[in-house]
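>
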Amino acid sequence: MTATAPMRVAAIQTVTGITLDDNLARADALIAEAARGGAELVLLPEYFCMMGRHETDKVAIREQDGDGPVQSFLADAARRHRVWLVGGTLPMWCNDDARVYNTSLAFDPHGRRVARYDKIHLFGFTKGTESYDESRTILAGKTPVAFDAPCGRVAMSVCYDLRFPELYRGLAGKNDVSLILMPAAFTYTTGQAHWEILLRARAIENQCYVLAAAQGGKHENGRRTWGHSMLVDPWGELMGVLPEGEGVVSGTVDPARLAEVRQNLPALRHRVL
386 MTATAPMRVA AIQTVTGITL DDNLARADAL IAEAARGGAE LVLLPEYFCM
436 MGRHETDKVA IREQDGDGPV QSFLADAARR HRVWLVGGTL PMWCNDDARV
486 YNTSLAFDPH GRRVARYDKI HLFGFTKGTE SYDESRTILA GKTPVAFDAP
536 CGRVAMSVCY DLRFPELYRG LAGKNDVSLI LMPAAFTYTT GQAHWEILLR
586 ARAIENQCYV LAAAQGGKHE NGRRTWGHSM LVDPWGELMG VLPEGEGVVS
636 GTVDPARLAE VRQNLPALRH RVL
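In the working numbering, the protein residues as written are 386 to 658.
1) DSSP beta-bridge partners for Trp620?
2) For Ala419, collect the residues of the same chain with a Cβ closer than 7 Å to its Cβ; drop the 5 residues on either side in sequence, then sort them by chain order.
3) Cβ of Asn591 within 8 Å of Cβ of Val638?
4) How would you label Ala569, buried or exposed, when you count the other beta carbons within 10 angstroms and need 16 or more for buried?
5) Compute the distance between the beta-carbons of Trp611 and Phe549, then report whether it is under 8 Å.
6) Let me know the secondary structure DSSP gives Asn606 once reduced to three states.
7) Give me the Cα-Cα distance between Phe510 and Cys536, rounded to the nearest whole angstrom.
8) Tell me the DSSP secondary structure of Trp469 in three-state form.
9) What do you reckon, are the CB atoms on Thr404 and Pro430 nearer than 8 Å?
10) Have a look at Gln577, Gly621, Glu645 and flag the residue whose alpha-carbon is nearest the alpha-carbon of Glu347.
11) Closer than 8 Å by C-beta to Ala390: which residues in its own chain qualify, once you throw out the five before and the five after it? Chain order, please.
12) Cutting at 7 Å between CB atoms, please list the residues of its own chain near Phe508, excluding the five before and the five after it.
13) Span of the alpha helix (DSSP H) holding Ile416?
14) Between which two residues does the beta strand (DSSP E) containing Ile505 stretch?
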């Protein structure tokens, strides 16, 4: 799909807690805020529905495909607020009893699901006493996913995927993607060092907008996330940033701006590999 008119988009930043119902209620309030501000597409962050005290807590609330309270919430919220809604991530059922898929779901303004993406790249990091290994509780997805929205082709991704430019190159083709989505829960350590640099790089090299919705603050479980939800334009310019705390960052995906950048510097058409 080729974008023909500007589209208002919004990234929601949360500081998700350990209680599912409270997290969904807060997400709904922020979706409503984004919609009142004119957003037509809204992105929630990774783990918007729960950040438990233990990594295994997500397994206890995993949902079967097409059935569960988080999926029902997303479909209903998209319909009530009349927005394209991309649900950060939620834990979905897999064949391993000890793990889940970390899944991002997209719904249209009628509440119909239009895309599912299972996070492909699983985070692993150790520095001193700080250590993460998502593969212990998450099963990696295998398939890149994009969907069509009024702003054009939208590429889905999650958090650690940001470090793998080949994922986006495969999706972008030759000027095929208008917007990259990046729901995340970057740690404070890695976010401070790399978050903005990587987001701007993905926008510049793929000549498209990047909408990043992050977790941003000190959580009930003791974890601290970096935040800095933002919208980046195809030239790598920041259109809005929320450093920390809950809130909304919004801006416009403008097809004229996309065309201008790609006309002035036709890098994607110059690809030979």
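Beta carbons are placed, not taken as given, at the ideal position from N, Cα and C, and that holds for glycine.
Owing to the predicted nature of the structure, the values given are computational and were not obtained by experimental measurement.
Taking the geometry as given:
1) Taking the first residue of the sequence shown as position 1, residue 620 is located at position 235. None; Trp620 has no bridge partner.
2) Position 34 of the sequence shown, counting from 1, holds the residue named residue 419. Around Ala419: Ala395, Ile397, Val427, Val633, Ser635.
3) What you label residue 591 is simply residue 206 of the sequence shown in a count that begins at 1. What you label residue 638 is simply residue 253 of the sequence shown in a count that begins at 1. Not closer than 8 Å, so no.
4) As a first step, residue 569 must be located in the sequence shown, where it is residue number 184. Result: buried.
5) Reading the sequence shown from its first residue, position 226 is the one you call residue 611. Reading the sequence shown from its first residue, position 164 is the one you call residue 549. No, Cβ-Cβ distance for Trp611 and Phe549 is not below 8 Å.
6) Indexing the sequence shown from 1 puts residue 606 at position 221. In the three-state reduction of the DSSP assignment, Asn606 falls in the coil class, being assigned neither a helical nor a strand state.
7) Working through the sequence shown from its first residue, we reach residue 510 at position 125. Working through the sequence shown from its first residue, we reach residue 536 at position 151. Within the model, the alpha-carbon separation for Phe510 versus Cys536 is close to 35 Å.
8) Numbered from its first residue, the sequence shown carries residue 469 at position 84. Trp469 falls in the strand class under three-state DSSP.
9) Walking along the sequence shown from the start, residue 404 turns up at place 19. Walking along the sequence shown from the start, residue 430 turns up at place 45. Result no, Cβ atoms of Thr404 and Pro430 do not sit closer than 8 Å.
10) Given that the chain is displayed from residue 386 to residue 658, the structure contains no residue 347 and the question cannot be resolved.
11) Position 5 of the sequence shown holds residue 390. Cβ neighbours of Ala390 beyond the five flanking positions: Pro535, Pro640.
12) Numbered from its first residue, the sequence shown carries residue 508 at position 123. Cβ within range, chain order: Tyr517, Glu519, Cys544, Tyr545.
13) Position 31 of the sequence shown, counted from the first residue, corresponds to residue 416. Note, Ile416: alpha helix (DSSP H), 405 to 421.
14) Here residue 505 is taken as the residue at index 120 of the sequence shown, counted from 1. Counting along the chain, Ile505 falls outside any beta strand (DSSP E), and DSSP gives it neither H nor E.
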